[in-house]
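Residue numbers (our numbering), protein chains in the order written: chain A, 16 to 619; chain B, 3 to 110. These notes concern the structure reproduced below.
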Amino acid sequence: MDPNMSAWTVLLLPLLVAAAILLGLKRWSGLSSLLSTGSAAITFFLCIGLARGGVGEVEAFPWLRLGDDFLVEIGFSLDELSRGMMLIVTSIGFLVHLFSLAYMKEDEGKARYFAGLSLFMFSMTGIVLADNLVMMFIFWELVGVSSYILIGHWYQKSSAAEAAKKAFLTNRIGDFGFMIGILLVWMLTGSFYFDQIKEAVGGVTNMTLLNVAVIALFCGAIGKSAQVPLHVWLPDAMEGPTPVSALIHAATMVAAGVFMLARVGFLIEVTEVAASVIATIGAITAVIAALMALQQNDIKRILAYSTLSQLGYMVMAQGIHHGSEAGMFHLYTHAFFKALLFLGSGAVIYACHHRQDIWDMGGLKKKMPITFWTFAIGTAALIAVPFTSGFWSKEAILEAAHHEGAWFAYVCGIIVAFLTPFYMTRLIIVAFTGKARTDDADHAKEVGAIMWIPLAILAVMAIVSAYNPVASGLLAQGHADPGHLFSHFGLTAILSLVGLLVGVAAAFKLYIGKDSDPISIPLFRDKFYIDEMYRGIVAVFQDAIAAFLDIADRFIVDPIMARFPALGALAAGTFFRSFQIGNVQTYAFFFGVAVIGLILFLLL
Amino acid sequence: MDTALTLNHFLFVSGVLFAIGLAGVLIRRNLIVIFMCLELMLAAANLTLVAFSRFNVQDGQPAYEGHVLLFFIITVAAAEVAVGLAIIVALFRSRETTDVTKINSMKF
């Protein structure tokens, strides 16, 4: 199939499936789930074809036309970046669809869920394949909507509905900045299309404004990729079903922000202030999220904060000169092992009858061996055990920071390299080793094949995805370089190895054989009270605005719009009522007035 | 001061009489009094006619057309009084009051 047809099919097929399910097939949940999974499989194979084949001509669909010279189209950009990202999106998407077939088997909203998954695949494809900023923004918002639908899948639970609302609103705040950034870029370069902007960047004279524009564009990534201060939605988003967390909040949607930064990388390269802002915020996010993860007890929350931390790494890399490839490389490897970890946690939750607190689990190593070993491999990749894929990508980022002299980012990266092994080892020890702490954990057994086959596939990818035949096949923006490592055995490698060993050892020492958490740091557990702070700020502003509006309404709008017309009507009514008063003298009076009036009229 | 009586003097008095009559019709509450004021208005009109008739001199004689019309008006007024008083008596018999403000059953 030629690239044009493939690309359009990849984009529109999930949309058609979603529409079909929502408009008619909702009653047949089995058929809906199979349709959705089938479309995911088809798009996956088409993307393999796209990745191997060349870049053909793509017909674009005109979207917005104003006059003769302004035209925004829905078209595709099939360069290496997007084709590689599409492989990630469709491959992990397909595995998540498979996993969901088993995980959501008894759910009553199954058809709605798969429609939401297909809608998400459509939206994410749009972001990845976009060749201009407006199209990217349209699909950016669509992804937010899909996320809202999927997080709030169990909408009867008020916490899920609240979490969905929070995710959407926080995203919208970021998108506001994104839109301003798009408009500023258009103002400075005259175009929305990435290739045209790239050519026009050299001619931009107002560098301050360009910096502001890039920072504004970054606001979109702050919202979508959950950087501080808009990170608050991601942990709450764990209210959604676990496969959703795996797909959207680990591998793809949150990576969209990083992807967007890579897309406009040529803008970041020329704006120093914006680049350092990006790197700083990424670094801060990485550290704060890792600190918060140390004290969480819900298995999905730990993974969510871990995702936040790794996203901080990726964003940090985007802000470092020439670090963009390292960031994208980490995105690819992270997508695989984080999806693996989330799906693994899904298997654990499913086996323990939907319990999520790690202190309610225990001893799962013997009862769920496949899940344990795949989870362990995923953890190894996350904490950057040497020779796993995560090791190579993390090294790439830290090396880039070291090489470019980004000291704040480098130090934060090393700190996180100490913290990540600690909290992940804590997770594995508490949840998998020791004795079962509750009956549900005692009765856990290994999950079915539909669930552990994706886990196994992802575990393999978690190890090999950095190595060359796979990495270049994935069009990953980097690859493992074993020979290079030993010649380059510098400070970075030593520090990260030390961090790994210290973290693992400390976690072992503190948590092995324990039944409750020996350390208690409320500041980390309560997420630095950021949520409470936001609630307070919103409440203060809302109350102030509400009080002002109340006064305005009562003293300005009410008299003018309600009382004044009422008085007028009353006066007019009283006047006209006198014509029917029944009193002859009043009639005579009006008679006299009319006669006098007539005389005057005739005389004058 | 001019001691001769001119047309204006008569017209002025007539106007004042008419105004007093009109005010009485509009303000007084007793039916009989309203009727009297109505007669006063008619008298004022009569005075105007006589005044014009007297001062409209043709060949040494006043124009007697005004006087003639005056007789007609007096006659008609008398007939009108008869009818009007009959209505008032009938009204009094049914309403037991002469207060005109109490007669407002045609009120909205």
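Each residue gets a CB set at the ideal place from its N, CA and C atoms; glycine is no exception. Nothing here was measured: the structure is a model prediction, and the numbers come from that model.
For residue i, decide whether its Cβ has a neighbour in chain A, counting only Cβ atoms nearer than 8 angstroms.
i	result
THR77/B	no
THR103/B	yes
SER96/B	no
SER16/B	no
SER107/B	yes
VAL91/B	no
LEU44/B	no
LEU24/B	yes
LEU13/B	no
LEU72/B	no
LEU28/B	yes
Answer with yes or no whether the minimum CB distance from residue i to chain B is below 8 angstroms.
i	result
ILE596/A	yes
PHE604/A	yes
GLY588/A	no
VAL608/A	no
GLN557/A	no
VAL599/A	yes
Figure out for me which residue from the options has the closest Cα to the Cα of residue i.
i	options	result
THR185/A	THR348/A, ILE293/A and ASP546/A	ASP546/A
PHE60/A	ILE195/A, ARG98/A and GLU74/A	ARG98/A
SER339/A	ILE36/A, PHE406/A and PHE274/A	PHE274/A
ILE166/A	LEU506/A, GLY255/A, GLY272/A and SER206/A	GLY255/A
SER138/A	ILE478/A, PRO29/A, TYR544/A and LEU318/A	PRO29/A
THR267/A	ALA341/A, ILE317/A and LEU346/A	LEU346/A
ILE509/A	VAL104/A, ALA567/A, ILE552/A and GLU410/A	GLU410/A
ALA65/B	PHE73/B, ASN32/B, PHE74/B and VAL52/B	VAL52/B
ALA13/A	TYR320/A, GLN311/A and LEU442/A	As displayed, chain A neither begins before 16 nor continues past 619, which places residue 13/A out of reach and without an answer.
VAL104/A	GLY39/A, ILE263/A and PRO244/A	ILE263/A
THR389/A	PHE357/A, GLN371/A and ARG80/A	PHE357/A
ARG56/B	LEU44/B, VAL70/B and ALA45/B	VAL70/B
SER162/A	LEU134/A, GLY217/A and MET150/A	LEU134/A
ALA175/A	LEU86/A, TRP248/A, ALA446/A and LYS120/A	TRP248/A
LYS213/A	GLU284/A, GLY196/A and VAL227/A	GLU284/A
ASP477/A	PRO401/A, ALA456/A and ALA179/A	Reading the sequence as shown, one finds Ala at residue 477/A and not Asp. Taking only the C-alpha atoms, the option nearest ALA477/A is PRO401/A.
PRO18/A	MET376/A, HIS458/A, LEU618/A and SER92/A	SER92/A
LEU276/A	LEU245/A, LEU318/A, HIS246/A and PHE209/A	PHE209/A
GLY528/A	ILE443/A, ALA459/A and PHE590/A	ILE443/A
ALA21/B	GLU41/B, ASN32/B, ILE34/B and THR5/B	GLU41/B
MET466/A	PHE76/A, LEU113/A, GLY82/A and LEU37/A	LEU113/A
GLU67/B	VAL35/B, VAL18/B and THR50/B	THR50/B
Please classify residue i: is it buried, with 16 or more other beta-carbons within 10 angstroms of its beta-carbon, or exposed?
i	result
ILE624/A	With chain A represented from 16 up to 619, any question about residue 624/A goes unanswered, as that position is not in the structure.
TRP422/A	exposed
GLU414/A	buried
GLN171/A	exposed
LYS239/A	buried
THR223/A	exposed
SER324/A	buried
PRO469/A	buried
MET20/A	exposed
ASP251/A	buried
ASN106/B	exposed
ALA92/B	exposed
MET151/A	buried
ASP84/A	exposed
Give the DSSP bridge partners of residue i, in chain order.
i	result
ALA145/A	PHE91/A
ARG80/A	LEU86/A
ASN32/B	ASP101/B
VAL59/B	PRO64/B
ASP372/A	ASP313/A
TYR208/A	ASN147/A
Give the list of continuous beta strand (DSSP E) stretches no shorter than 3 residues that lie fully inside the stretch 503-579 of chain A. The qualifying runs do not exist here; there are none.
Continuous alpha helix (DSSP H) assignments of at least 4 residues falling wholly in the stretch 386-421 of chain A: Scanning the stretch 386-421 of chain A from its first residue to its last, the whole alpha helix (DSSP H) runs of 4-plus residues come out as 404-419.
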